[in-house]
Each structure stands twice: as C-alpha cells, then as structure tokens.
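Data first, discussion second: the structure below is written as structure tokens.
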Amino acid sequence: MLTKRIIPCLDIKDGRVVKGTRFLNLRDAGDPVELSKVYDEQGADEIVFLDITASYEKRDILIDLVERTAEQVFIPLTVGGGVKSVEDFRRILRAGADKISVNTAAVKNPNLVKEAADIFGSQCVVVAIDAKRHYVNEGDLEKEENQDKYIVKTENGYCWFEVYIYGGRKGTGIDAVQWAKKVEELGAGEILLTSMDADGTKNGYDLLLTKAISENTKLPVIASGGCGNAQHVYEAFKFGKADAALMASILHYGEYTVEEIKLYLKERGIPVRL
Amino acid sequence: MITIIDYNAGNLRSIKKAVELYERNVVITNDKEEILSADKVILPGVGNFGDAMKNLENLKDVIYKIVEERVPFLGICLGMQLLLEESEECKDIEGLGIIKGNVVKFKNVDKIPHMGWNNVKKVKDIPLFENIKDNEYFYFVHSYYVNPTEEDVIVGTCDYGIEFPCVINKDNVYATQFHPEKSGKVGLKMIENFVELI
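If you read the protein sequences in the order shown, they are chains A and B. With the UniProt record's numbering as the guide, the letters of the first sequence map in order to residues 1 to 274. With the UniProt record's numbering as the guide, the letters of the second sequence map in order to residues 1 to 198.
Encoded structure:
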C-alpha cells in the first residue's frame, strides 16, 4: 500500500539552515547536509531544501550543497527557491536534486511548467502554491467576480483561496483550485501547498485548503504550513486528504523525531513507512 | 567496470553515487565501446517513452548485444519500461522488445503519478532480493507500468489500485519500476546485490 510521506523542510540561507535546531551530537547543526542525514536516519521519506535567498550569486552555494547532499542521502531531494528557467532546472537537477519546485516563475510564465515537464519529465516538476483565504460576504456569493472561484464554507464564513507570489508578498487574484487544475494540465507532477494563514502559527494545517486542492486534482498534494504537533499531521492526511506533509520547526527543535510522528500515525491507521 | 547508459535521461548522478558505494569503477557514457566492455550495464530513465527511445536509437544494437552476451543488465523506472515492445505513452514508437508485452497507464486510481513509498511483494527469490525482506518499501514515481506477456518474468509486484509487476527478470536482464538509488538503505542493498551478480 502506498504510504503517506513525512517530509522535513530545510530553509536555507547562504548555504545554512536558518530555522534553529536543537540537535545535539551534530558536528554542525546548521549544515543542511548533516541535518539531511539525521532526518534520513530517522526515516524521513524525502527532503525539501528551500533556498530563501535565491539570488543569482547565491545559486552556486546551493548547487554545491545539493551536490554534497546527493552524495550522502539516498532518498528523494526536492529543491526550490527562485527557480526561473529551464536552465535553472538543468543545473540543479544535474547537481543531484530529484525534483524542482517552482512558484512565482510558474505563475508569471505557466509555460515554464510545460517546458520543464517535457524536457525533464513531470516527476521532477513540483509546483509550489502559496494560498491565502479570501473571505466573501454571503450576499456577494452570486456576484460575477466570484463565479469562477472555488468557494468553501469555513468556521468564519465563506472564502476562496487566493494564490500569492514573491514569497507571499503579492496577491494574484488567481483561485488556487483553478491554478492547481491548470498546472496539472501543463504537466506538473506534484503540488506543494502552503497555507499563508496557517504558516508559522503551529495551529495545524489549513485542512479546508488542503482538501479543496487534493479533491480537485489528480496530482499528489504535499500539505505545508502550520504544523505544531503529530495530531496536525494526522489531520492533514485524514481530513485534508493530503498525500504528504511538510514540516520544519517541530523537527528542527527536536519536539518530535520523524519516527515518533510515524508511530503516532500508524497507531491511528495511517499507512507509513517504518 | 559498470556503465550507466547516458541518453539525456535526467538525474544520473544519484544512481552513479549509489553504485559507487559498492564498485569503484563507474562510468556514465554513451560510447558504444565503453558500454560493450562493461561487466554490468544500467539503463536509467525518467521522462517520456517516445523521447527516450529516440535518444536511444543509436545504442539499440549495443544493448541487444550485451543482453545476448548475458552481461548483467539493470533497467530502472523508464529504463524498465523501455525493455517492453510498446507503450500507451507513445504508441507509434517501438520499445526495445527484449521483454514481450506492453506498458500501460494506471486507470481508476485517485492520484497519478503513483508517487511515494510502496511495498514490494516478492514473487520469486532471485539474487537481487538477497537479504531484502518481503514487503519492504521502495520509492516509486511513475504513471505507467509494465504488462509482460510471459508471466514467469515477474519476480516482484506492488499494489496501487491493481497489483502490477515492479521487478522483472529474464536471464541476466533485471528491471525495477521503483528507484533503488532513492529507496534508502533497502534500495542500496538491492544495488549492492546487483553489483555482486556474476
């Protein structure tokens, strides 16, 4: 049976992991290569590197990092952050990454998704979607501007999910469900879905968002943003219908190991690789 | 020497690194002589069946020759599918036809591609499975699977909506639908088993 995946996410700045870690016995806790090895040992199903200072000059640091990680970690590695072109794809894949995630560049130039999928295969094109709830008054639901939106009922009223770009700084007016369907058509292989409302809160994933995307596309969906404990991960799978869950701080700060989360899930009937 | 056939098929670095853990001399090449002189040959592959066959056009005769000479051969993922006669992914281009049968797309499943870790049921105990338990997890990512005509080539299966063949073996030709080079310790064990084949 296909298992649900647990994916540690490492935010990288200038070649170092920026969210603090509480791991002992590490030569260098800020080194993404070392940390990747730790998570691999713990039973992580994949690793994601997000380069948060992805300017062109910094790109070489990332390439070096991917190369060093690929030498030592034999599980899938996804790399994202500032990827703009087929040439970026080629360089990062050549360094040893298995998948590349694109976000802003895909919104600005959807053809990049198609081009990359045609050249490198769908399996290595991950479209990252940053989405934020956009609430709508009940009386406005019939308005024309809301006709193409996928509207859900939440505990705070009705909303649709708007796609944001530039690291969450700019709204696009694009409906996230429509966008997910579009990237599926273009040849994406997976969706990395981050809730901007939930991100950083540790109050749990946005289950309505996760479910909306997961049920409206055939692509595997990685839930991201808001994970504060193992129950949140369970909810993302059980109610959000996610295929994988991304998490950062609860692992980095040593609150849980990957194995502990998987044991929690297994006890509750979620299939995991242990 | 182990050669990994280079035909523009994506990430060859990780398979090379994995094989290098067990064999010092590993070459990624599209040179016919180098492929013919290898002790073992690996055909990797990601991407589209038709494009891959076009890129392999020049190397077909070399592949037939090493298979005929019983050089241990391992096809991985698309490299497995290419061994069959044809694929639903690209009906007008012939596969290598080393294994009889075709390649078909998953139907009636919620999610495509089949992506992630799934367990492999051993059908036959072959050297490739040495010290690997039944139902161990391997990493898969694919939308099509092989459908061989001769059932006795199927040595391992996996369940995704239906039970499909994920490890096949005929003489010295081996192939896996999953990526052993991305399947952690268990996958590396399988690569070690391949390297140690005689």
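Where a beta carbon is used, it is the ideal one built from N, C-alpha and C, also for glycine. From a predicted model like this one, the values you see are computed outputs, not experimental measurements.
Comparing C-alpha positions only, which one of B/Ile132, B/Pro72 and B/Val146 sits nearest to leucine 188 of chain B? B/Ile132
Would the stretch 145-164 of chain B and the stretch 180-198 of chain B be scored as touching if the rule is three or more Cβ pairs under 8 angstroms? no
For lysine 37 of chain A versus glutamine 72 of chain A, is the C-beta spacing smaller than 8 angstroms? yes
Verify the CB distance criterion: does proline 113 of chain B have a CB-CB separation below 8 angstroms to chain A? yes
Residue environment, methionine 196 of chain A, which counts as buried when at least 16 other CB atoms sit within 10 Å: buried
Less than 8 angstroms between the beta carbons of tyrosine 120 of chain A and leucine 77 of chain A, yes or no? First, the amino acid is wrong: residue 120 of chain A is phenylalanine here, not tyrosine. It is not a contact, given that the beta carbons lie outside the stated cut-off.
Which same chain residues, not among the five before or five after serine 14 of chain B, have their C-beta less than 7 angstroms away from its C-beta? Glu181 and Lys182
Measuring CA to CA, which of B/Met115, B/Glu69, B/Phe73 and B/Asp152 is closest to residue 200 of chain B? Nothing in the structure corresponds to residue 200 of chain B, since chain B is present only between 1 and 198.
Can you grab the Cα-Cα spacing for the pair leucine 209 of chain A / threonine 217 of chain A, in whole Å? 13 angstroms
Name the chain A residues that come within less than 9 angstroms of alanine 18 of chain B, Cβ to Cβ? Phe74
Cα-Cα separation between isoleucine 191 of chain A and arginine 70 of chain B, rounded to whole angstroms: 42 angstroms
Through-space distance from aspartate 125 of chain B to glycine 168 of chain A, alpha-carbon basis: 52 angstroms
Anyone know if the C-beta pair for glycine 228 of chain A and lysine 202 of chain A falls short of 8 angstroms? yes
Starting from valine 258 of chain A, trace the beta strand (DSSP E) in both directions and tell me its first and last residue. Not the beta strand (DSSP E): valine 258 of chain A falls in the alpha helix (DSSP H), residues 258-267.
Give me the chain B residues within the contact set of aspartate 199 of chain A, using Cβ-Cβ distance strictly less than 9 angstroms, ordered along the chain. In chain order: nothing, as chain B lies at least about 24 angstroms away.
At a Cβ cut of 8 angstroms, what residues of the stretch 238-250 of chain A count as close to chain E, listed as they run along the chain? Going by chain labels, chain E is absent from the structure shown, which instead holds the protein chains A and B.
Within a Cβ cutoff of 7 angstroms, which residues of the same chain sit near isoleucine 154 of chain B, ignoring the five residues on either side of it in sequence? Val123, Pro148, Pro165 and Ile168
Who are the neighbours of serine 14 of chain B on chain A, taking C-beta pairs under 8 angstroms? Ala70, Phe74, Gly96 and Asp98
Taking all protein chains shown into account, decide if aspartate 98 of chain A is buried (16 or more other Cβ within 10 angstroms of its Cβ) or exposed. buried
Identify every run of the beta strand (DSSP E) within the stretch 143-192 of chain A, keeping only runs that are complete inside it and at least 3 residues long; order them along the chain. 152-154, 157-165 and 170-175
Measure the Cβ-Cβ separation of serine 87 of chain B and phenylalanine 140 of chain B and say whether it is below 8 angstroms. no
Alanine 230 of chain A and isoleucine 261 of chain A - do their beta-carbons sit closer together than 8 angstroms? yes
Return yes when the Cβ of isoleucine 174 of chain A is within less than 8 angstroms of the Cβ of residue 275 of chain A, no when it is not. This structure cannot settle anything about residue 275 of chain A, because the visible part of chain A is limited to 1 through 274.
Determine which residues share a DSSP beta bridge with alanine 223 of chain A and list them. A/Leu193 and A/Ala245
Under 9 angstroms by beta carbon: chain B residues contacting threonine 3 of chain A: Gly116, Trp117, Asn118, Asn119 and Tyr137
Short of 7 angstroms Cβ to Cβ, which residues in the stretch 158-188 of chain B face chain A? Asp159, Tyr160, Glu181, Lys182, Gly184, Gly187 and Leu188
Is it right to say glutamine 81 of chain B is buried, meaning 16 or more other beta carbons lie within 10 angstroms of its own, or is it exposed? buried
Is it the case that the Cβ atoms of valine 46 of chain B and glutamine 123 of chain A are separated by a distance below 8 angstroms? yes
In chain A, which residues lie less than 7 angstroms from valine 141 of chain B when you measure between Cβ atoms? Gln123
Beta carbon of leucine 83 of chain B nearer than 8 angstroms to that of lysine 60 of chain B: no
DSSP state of glutamate 150 of chain B mapped onto helix, strand, coil: coil
Keeping to the same chain, check which residues put their C-beta closer than 7 angstroms to that of proline 113 of chain B; ignore five residues upstream and five downstream. Val141, His142 and Ser143
Can you tell me where the beta strand (DSSP E) holding glutamate 136 of chain B begins and where it ends? 136-142
Run through DSSP, which three-state label would isoleucine 7 of chain A get? strand
Taking only beta-carbon positions, decide if glycine 189 of chain A is within less than 8 angstroms of chain B. yes
Where the stretch 202-232 of chain A meets chain B: residues whose CB sits under 8 angstroms from a CB there: Lys218, Leu219 and Pro220
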